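Take a look at the structure below.
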Amino acid sequence: PGAFLPAAPASARTSRALVEQHLDVSQVAAAAATAVWASGSAPALAVIEEEDEGFDVRILAVLALPALAVTWALFNVWRVALRQTVR
């Protein structure tokens, strides 16, 4: 009859403390998620004023390298094609 012993009280106290700590962490996480959700309506980097004056040079910076690549490829293709047709 003495084969089954009750659990040690120290482990019961430790597990109870861990459960309470887990509940505290979950409450903090819920509060943080609520704060993020509440502030989510305002964009992080909102542009207050947009300047519509003048030409935007960024489009040239974006398209310059691909345009150069296409030009170089067409130059190489047509150069070989013209050499073959001259022969």
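Each residue of the sequence shown is one higher than the last, beginning at 9 in this note's numbering. Idealized CB from N, CA, C, for every residue including glycine. Keep in mind it's a predicted model, so treat the numbers as computed, not measured.
When only Cα atoms are considered, V36 and W45 end up about 14 Å apart. Where R95 is concerned, there is no enclosing alpha helix (DSSP H), because DSSP gives it neither an H nor an E. For L13, the secondary structure class from DSSP, reduced to helix, strand or coil, is coil.
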